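Numbering (our numbering), first residue to last: 771 to 1329.
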């Protein structure tokens, strides 16, 4: 079938459909009103629907709790294409459970959580969005720092007073001189180094463990990222006894207060660069950051989680240097809060979700989370190949260890998931195929509709045609006298025929006109029959006597 014929068929079908619609205007309006009402009810039903989610974060004051609040606000405003909105709750994880464990135990709601990157055996979690690096911050109080520095200075002075110990003045021979060469006296004029500026975590741990129960160490709430990274680090120093560990601290706000009051001497905290907790501690001017030393490379290669050696920028924190003198006379000398190239370790964090979360929902949640993180000026690298902050000479290749959710892969590719109820998510080739198929289906549907309408009209045409042929045949086979005798019957027949022609809805206007002409011809035949009978009666009626006499006289005269 060529294109003009297809267009003609479509035009005929549309014309027939419009004519049918005019004849059934009221039922059509009723149907449209009913469908509209059902659509509104359907939309209202889903608009009140909610999908229950829960975001598990760390203890109050942690970086995950701060990020979680922003994510929950954005996700709670998110609504999918079916009109279902997401009702999400923010829950800190109990101290005896990790976020991973809490997500695993959740059965009634869809769990989300900010966890460390890594893959555990039988883990059902998938990476929904890679987040920033978490760095381990080792905070040492000024009091503990000064005591450690004094102890080290005392040990150094004790070593220097022993016989045979080197002095500041040494006699050495200049290079290139013989036995008779004159000895050169080299005097050290360098300034005395502040022991507090060169202390590392190893020095402080050694001092703390030698003074039992004097200074308390807080590793963070159990099963948190801070606790885990602190344990990774302390293993390199042989661990630390429980007697030196602080207990009963459930959140980081309490840990900050304990640092201010001196109840804690050493605090391990993990969070991204620029985290509020570190800024707050720096502004308190009661603690400094410690260097982990050369053990960071060993820690990097000793764990199955994504832990890497890193350095902290020198301008970290709200106050790089405590430029105000302390109220304690022993601490009048300013101490740098974060020295240049301070060595530490870093661990990647990810926003995780269950593997069973549908791709469409996961993509929507990941997009909302990405939007709020970018708005809050968080750095998010979807490819997760950015190394932690480090020495420019260090080259570290990183990647996610946790398997990615398909929604994250779609975000990386910049494409949206195919959602059957959302036309704009379909690929171009699929849209093209569907449009072609729909076009062919519409044409075939119009053709079937045309055939159906024509078949209905054909049935009406055949019905009236049969009756007309029957009447016309009967008229043709009868004389006017016979027709005139049955005028009453013919009057009923013509009335019914006329009524059927006028009231028939299954014939075309042209067919109606044709039937009307034939009806009028039939009507004329029947109406003219009495006149023919009357005329015939006049011709065959006998002549009167006067007329017969005149006719006879006329004949005699002629003869």
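In this text, a Cβ means the ideal position worked out from N, Cα and C, and glycines have one as well.
Treat the numbers as computed from the prediction; the structure is a model and nothing was measured.
Which same chain residues, not among the five before or five after residue i, have their C-beta less than 8 Å away from its C-beta?
i, result
"residue 793", "1275"
"residue 1012", "none"
"residue 999", "904, 906, 1038, 1040, 1077, 1115 and 1117"
"residue 1213", "776, 779 and 780"
What does the alpha-carbon distance come out to for the pair residue i and residue j?
i, j, result
"residue 912", "residue 978", "14 Å"
"residue 1134", "residue 923", "59 Å"
"residue 1002", "residue 1179", "31 Å"
"residue 833", "residue 1196", "38 Å"
"residue 1172", "residue 885", "10 Å"
"residue 1278", "residue 1295", "26 Å"
"residue 1200", "residue 1177", "20 Å"
"residue 1260", "residue 1288", "15 Å"
"residue 1170", "residue 1155", "8 Å"
"residue 1151", "residue 1220", "59 Å"
"residue 905", "residue 808", "56 Å"
"residue 1286", "residue 1240", "16 Å"
"residue 1297", "residue 787", "40 Å"
"residue 1140", "residue 1160", "25 Å"
"residue 1015", "residue 989", "8 Å"
"residue 1284", "residue 1230", "13 Å"
"residue 910", "residue 1029", "9 Å"
"residue 1205", "residue 1132", "29 Å"
"residue 806", "residue 796", "15 Å"
"residue 1306", "residue 1248", "16 Å"
"residue 1202", "residue 1243", "59 Å"
"residue 1144", "residue 1113", "28 Å"
"residue 984", "residue 1035", "9 Å"
"residue 1008", "residue 882", "36 Å"
Please list, in chain order, all residues of the same chain as residue i whose beta carbon is under 7 Å from its beta carbon, the five residues on each side excluded.
i, result
"residue 1142", "840, 841 and 844"
"residue 791", "798"
"residue 860", "825, 827, 838, 839 and 842"
"residue 1269", "none"
"residue 1218", "none"
Could you work out which residue in the options is closest to residue i when comparing CA atoms only?
i, options, result
"residue 1077", "1123, 1166 and 1033", "1166"
"residue 1110", "1051, 1082 and 1120", "1082"
"residue 1264", "1107, 1219, 1251 and 1291", "1291"
"residue 1232", "1304, 1271, 811 and 1303", "1271"
"residue 1025", "1043, 1051 and 1042", "1051"
"residue 1174", "806, 897 and 855", "897"
"residue 1079", "1158, 1144, 883 and 1035", "1158"
"residue 1108", "1056, 1257 and 997", "1056"
"residue 1235", "1249, 1281, 1209 and 1246", "1281"
"residue 1303", "1251, 1293 and 1273", "1251"
"residue 1368", "883, 1031, 811 and 881", "The chain is shown from 771 up to 1329; residue 1368 falls before or after that span and cannot be answered."
Using a threshold of 8 Å, state whether the C-beta atoms of residue i and residue j are closer than that.
i, j, result
"residue 858", "residue 868", "no"
"residue 1047", "residue 831", "yes"
"residue 1187", "residue 1130", "yes"
"residue 893", "residue 1118", "no"
"residue 749", "residue 995", "This structure gives no information on residue 749, because the portion of the chain shown stretches from 771 to 1329."
"residue 969", "residue 918", "yes"
"residue 1121", "residue 899", "yes"
"residue 895", "residue 1124", "yes"
"residue 1010", "residue 987", "yes"
"residue 876", "residue 991", "no"
"residue 971", "residue 1033", "no"
"residue 829", "residue 1021", "yes"
"residue 1257", "residue 1237", "no"
"residue 1059", "residue 908", "yes"
Within the same chain, show all residues whose beta-carbon is closer than 6 Å to that of residue i, passing over the 5 residues directly before and after it, in chain order.
i, result
"residue 715", "In this structure the chain extends from 771 to 1329, so residue 715 is not present and cannot be described."
"residue 822", "857 and 879"
"residue 872", "826 and 863"
"residue 1300", "1254"
"residue 1004", "1010"
Pick helix, strand or coil for residue i, following the three-state DSSP scheme.
i, result
"residue 1281", "helix"
"residue 789", "helix"
"residue 908", "strand"
"residue 857", "strand"
"residue 877", "coil"
"residue 862", "strand"
"residue 796", "helix"
"residue 1140", "helix"
"residue 1214", "helix"
"residue 1038", "strand"
"residue 1275", "coil"
"residue 1115", "strand"
"residue 1057", "strand"
Against chain D, does residue i count as a neighbour if the rule is that its beta carbon must be under 8 Å from one of theirs?
i, result
"residue 1058", "Looking at the structure shown, chain D is missing, and only one protein chain is on hand."
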